[in-house]
Amino acid sequence: MKRRPLERKERKVMKNKYPGDCVVCGKRVEAGEGFPEKQNGVWKVRCLQCVIKNQERKAQRDPERYGKFQKKDAE
Ligand SMILES: [Zn+2]
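So the sequence shown is numbered by the working numbering: it starts at -18 and just counts up by one.
1. Might you give, ordered along the chain, the residues of its own chain that have their beta carbon closer than 7 Å to the beta carbon of Gly1, omitting 5 neighbours on each side?
2. If you draw a straight line from the alpha carbon of Lys39 to that of Leu29, how long is it in whole angstroms?
3. Can you tell which of Arg(-16), Lys(-7), Asn(-3) has its C-alpha closest to the C-alpha of Val23?
4. Per DSSP, Arg9 is paired with what?
5. Check Arg38 in the structure and name its three-state DSSP category.
6. Identify the continuous beta strand (DSSP E) that holds Glu18 and give its terminal residues.
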């Protein structure tokens, strides 16, 4: 019998429902192409590139906690 793991340790990734401009680089982000971010109680959008950059910065500062987000090869 095949057993399927019910709980996969997968983090729910929330994508933006509405298009907007990235809070970091100002680039246009279409719905579902970025990530929502709450700033002063208002939902803003951050583009994928800026999210990755942010994660890399975190990974450098705190590799044990955020190391998983590092890119495989750092060009
Ligand atoms: Zn951006």
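Beta carbons are placed, not taken as given, at the ideal position from N, Cα and C, and that holds for glycine.
This is what the structure gives:
1. Val10, Lys25, Val26
2. 15 Å
3. Asn(-3)
4. Asp2
5. Here Arg38 sits in helix by DSSP.
6. Going by DSSP, Glu18 is part of the beta strand (DSSP E) stretching over 15 to 20.
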